[in-house]
Amino acid sequence: KGAVTKEMVASMAPSPIIFAMANPDPEISPEDVRAVRQDAIIATGRSDYPNQVNNVLGFPYIFRGALDVRATRVNHEMKIACANALAQLAREDVPDEVAAAYHGRALKFGPDYIIPAPFDPRLIWYVPPFIAKAAMDTGVARRPIKDMEAYRASLAQRLDPAAGFMQKISASVQGSPKRRIVFAEGEEPSVIRAAYGFQAEGLGAAVLVGREELVHANMRAVGLDPAESGLEIVNARLSDHGGEYAQRLYRRLQRHGYLMRDAQRLINQDRNSFAASMVAQGHADGMVTGVTRTFAQSLEEVLRVIDPSPGGRVLGMSIVRAKDRTLFIADTSVTEMPGSQDLVEIAVEAAHAVRDLGFKPRVAFMSSSTFGNPTGERSSKVREAVSLMDAMQVDFEYEGEMSPELALDPHQRSNYPFMRLTDSANVLIMPAVHSASISTKLLQTLGEATVIGPILLGLSKSVQICPLSASVSKIMTMATVAAYDRPLAAAAE
Numbered sequence: 003k004g005a006v007t008k009e010m011v012a013s014m015a016p017s018p019i020i021f022a023m024a025n026p027d028p029e030i031s032p033e034d035v036r037a038v039r040q041d042a043i044i045a046t047g048r049s050d051y052p053n054q055v056n057n058v059l060g061f062p063y064i065f066r067g068a069l070d071v072r073a074t075r076v077n078h079e080m081k082i083a084c085a086n087a088l089a090q091l092a093r094e095d096v097p098d099e100v101a102a103a104y105h106g107r108a109l110k111f112g113p114d115y116i117i118p119a120p121f122d123p124r125l126i127w128y129v130p131p132f133i134a135k136a137a138m139d140t141g142v143a144r145r146p147i148k149d150m151e152a153y154r155a156s157l158a159q160r161l162d163p164a165a166g167f168m169q170k171i172s173a174s175v176q177g178s179p180k181r182r183i184v185f186a187e188g189e190e191p192s193v194i195r196a197a198y199g200f201q202a203e204g205l206g207a208a209v210l211v212g213r214e215e216l217v218h219a220n221m222r223a224v225g226l227d228p229a230e231s232g233l234e235i236v237n238a239r240l241s242d243h244g245g246e247y248a249q250r251l252y253r254r255l256q257r258h259g260y261l262m263r264d265a266q267r268l269i270n271q272d273r274n275s276f277a278a279s280m281v282a283q284g285h286a287d288g289m290v291t292g293v294t295r296t297f298a299q300s301l302e303e304v305l306r307v308i309d310p311s312p313g314g315r316v317l318g319m320s321i322v323r324a325k326d327r328t329l330f331i332a333d334t335s336v337t338e339m340p341g342s343q344d345l346v347e348i349a350v351e352a353a354h355a356v357r358d359l360g361f362k363p364r365v366a367f368m369s370s371s372t373f374g375n376p377t378g379e380r381s382s383k384v385r386e387a388v389s390l391m392d393a394m395q396v397d398f399e400y401e402g403e404m405s406p407e408l409a410l411d412p413h414q415r416s417n418y419p420f421m422r423l424t425d426s427a428n429v430l431i432m433p434a435v436h437s438a439s440i441s442t443k444l445l446q447t448l449g450e451a452t453v454i455g456p457i458l459l460g461l462s463k464s465v466q467i468c469p470l471s472a473s474v475s476k477i478m479t480m481a482t483v484a485a486y487d488r489p490l491a492a493a494a495e
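Quick note: the sequence shown uses this note's numbering, first residue 3, plus one each step.
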């Protein structure tokens, strides 16, 4: 402490870099540096100051990469690779979840953020691949990694069980023709960041709906240069297609109490009506909304413009990833109290979507009773749905009514030798929205599972609705699903 003085700092060249690493008291405190040089870049070993230099940023990930390629030693090139990885990660957009861990402090590359935060969860999958590659390039790796993207995905999955699933979806989207996804709430900072990340990762072309001057202002606020962002901005009021969209909307609503001026007002002023019209008219391939409005309100506005797929059922399906198991739960958002026929339609729509995602659907109709024990009005509704399914010729396994433990525990199934499921169920059809929503949110809140969605199924066009006030990463996830979603939208056709 005191080894570096204010006078020394004042005499330094412009934008001096000062690493005061002594602990617990650095050679000079950041407060003393700032008192004489506002342009200084300061790092310490203390967690209560910005730019903490901590060996936890290096050792664990160097060892992880070295061990995974069975490196004979850790050489200089591997250490340099670690430093380069950290430097690159510091320049990446920081997810909201990371900022929340640091009391909401804005983490954006600059004088107060030149090093990633020590507890940034991205470190585990971002840094080790750099180490592994350096070991391979310098000939010290005894077991080279052939597929670096698969390795990165496996690292991410250790931290987040859903990461591997979403990696497959993202890889499919990146390998397909690029689709235009319209972000209806394009003036929101979180949406702007998500749209930029979506486009930067090669997932598609992002279109922001909003007033250009406000979008540009919010871009600058989140550290993006409007001139270099590459994001397309569409102002609903100024769009050349506004009249065309209004005419189409009026034809749909004219017998439901709407005048032409009402349709024009919706197109000009309602972001969801405009964005959905872009998709309906083929000017975009999909849309994402819901950040500023409830799911129910957003869905109502979308349905004014876009119809369900022919013979399809609109529903919300949540994807739950836990303990090396992927479950699909429906309906988690649309039909509050489905009847027996509703449950059948939900099951068919969900099963088709699950198959399209690459899984063999095994459907279980959930109830508080199991095969009539105990009896009750609500369980009889579920039992009737199974009877209706028996009269159909569906191409997937199903069974019910049953409790969750019977659907998921193979040991319990031995008590019911007549069951038609050949393995544990992976599609759970809930008797009502409230039970579906409560169960998924409870799992997520307790940290027992990672939940994606609800994903909107059954529309003739690709639309996804985010949770209200969704984080940047969740908005990106839903945009990725929207870009993937064309097969899902047509699954029941």
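Think of the CB as a built atom: it goes at the ideal place given N, C-alpha and C, for glycine as much as any other residue. Note that the structure is predicted; figures quoted are calculated from it, not measured.
Straight-line gap, residue i to residue j (C-alpha atoms, nearest Å)
{"i": "R380", "j": "R415", "result": "23 Å"}
{"i": "A24", "j": "L59", "result": "18 Å"}
{"i": "V304", "j": "D114", "result": "43 Å"}
{"i": "L396", "j": "V350", "result": "Inspection of the sequence shows that residue 396 is occupied by Val rather than by Leu. Answer to the nearest angstrom: the Cα atoms are 8 Å apart."}
{"i": "E94", "j": "F373", "result": "53 Å"}
{"i": "L251", "j": "D264", "result": "10 Å"}
{"i": "R357", "j": "T447", "result": "28 Å"}
{"i": "L240", "j": "A83", "result": "49 Å"}
{"i": "R145", "j": "A134", "result": "10 Å"}
{"i": "E79", "j": "A137", "result": "8 Å"}
{"i": "D344", "j": "D139", "result": "58 Å"}
{"i": "F61", "j": "I147", "result": "20 Å"}
{"i": "T442", "j": "R323", "result": "11 Å"}
{"i": "V388", "j": "S174", "result": "34 Å"}
{"i": "L430", "j": "L329", "result": "7 Å"}
{"i": "W127", "j": "M168", "result": "14 Å"}
{"i": "Y486", "j": "P412", "result": "33 Å"}
{"i": "L461", "j": "V435", "result": "19 Å"}
{"i": "R213", "j": "R273", "result": "11 Å"}
{"i": "G245", "j": "Q266", "result": "7 Å"}
{"i": "K8", "j": "G225", "result": "31 Å"}
{"i": "E407", "j": "N375", "result": "14 Å"}
{"i": "A229", "j": "V217", "result": "12 Å"}
Check: residue i C-beta below 8 Å from any heavy atom of the ligand NAD
{"i": "V435", "result": "Among the components of this structure there are no ligands whatsoever, and the ligand NAD is therefore not found."}
Contacts around residue i, its chain only, beta-carbon distance under 6 Å, and the 5 residues preceding and following it disregarded
{"i": "F21", "result": "A45"}
{"i": "S475", "result": "P97"}
{"i": "Q466", "result": "V290, L458, M480, V483, A484"}
{"i": "L410", "result": "S426"}
{"i": "S178", "result": "none"}
{"i": "F132", "result": "A83, A87"}
Outcome for residue i when other beta-carbon atoms lying within 10 angstroms are tallied against a minimum of 16
{"i": "G402", "result": "buried"}
{"i": "H354", "result": "buried"}
{"i": "Y418", "result": "exposed"}
{"i": "Q201", "result": "buried"}
{"i": "E190", "result": "buried"}
{"i": "A238", "result": "buried"}
{"i": "D326", "result": "exposed"}
{"i": "L109", "result": "buried"}
{"i": "G288", "result": "buried"}
{"i": "K170", "result": "exposed"}
Neighbourhood of residue i by C-beta, 8 Å cutoff - its chain only, sequence neighbours within 5 removed
{"i": "L4", "result": "Before going further, note that residue 4 is Gly rather than Leu in the sequence given. Taken in chain order, the residues that qualify are E29, I30."}
{"i": "C468", "result": "V290, T291, G292, V293, K476, I477, M480"}
{"i": "V11", "result": "P18, I20, I30, D34, V35, V38, R39, A42"}
{"i": "A207", "result": "K180, R181, R182, I183, Q201, E234"}
{"i": "V6", "result": "I20, A22, E29, I30"}
{"i": "M55", "result": "The identity of residue 55 in the sequence shown is Val, whereas the question assumes Met. Correct list, in chain order: F21, M23, A45, T46, G47, I117."}
First and last residue of the uninterrupted beta strand (DSSP E) at residue i
{"i": "A207", "result": "207-211"}
{"i": "S320", "result": "317-324"}
{"i": "E403", "result": "399-404"}
{"i": "L458", "result": "452-459"}
{"i": "M368", "result": "364-368"}
Cutoff 7 Å; reference residue i; Cβ partners in own chain excluding five residues on either side
{"i": "E118", "result": "Residue identity differs from the one stated: residue 118 is Pro in this sequence, not Glu. Result list for P118: L59, L88, L91, A92, L125, in chain order."}
{"i": "G232", "result": "Q201"}
{"i": "V384", "result": "L345, F367, S369, G402, E403, P433"}
{"i": "P456", "result": "G318, M319, S320, T334, S335"}
{"i": "Y51", "result": "P32"}
C-beta contact flag for residue i and residue j at 9 Å
{"i": "S300", "j": "A438", "result": "no"}
{"i": "E399", "j": "V365", "result": "yes"}
{"i": "R72", "j": "L157", "result": "no"}
{"i": "M262", "j": "A278", "result": "no"}
{"i": "M280", "j": "V193", "result": "no"}
{"i": "A196", "j": "F276", "result": "no"}
{"i": "Y63", "j": "V142", "result": "no"}
{"i": "A286", "j": "V307", "result": "no"}
N-terminal and C-terminal residue of the alpha helix (DSSP H) that residue i is part of
{"i": "V429", "result": "Per DSSP, V429 belongs to no alpha helix (DSSP H); it is in the beta strand (DSSP E), 429-431."}
{"i": "S464", "result": "Here S464 belongs to no alpha helix (DSSP H); instead the beta strand (DSSP E) covers 464-467."}
{"i": "V193", "result": "191-202"}
{"i": "E347", "result": "342-358"}
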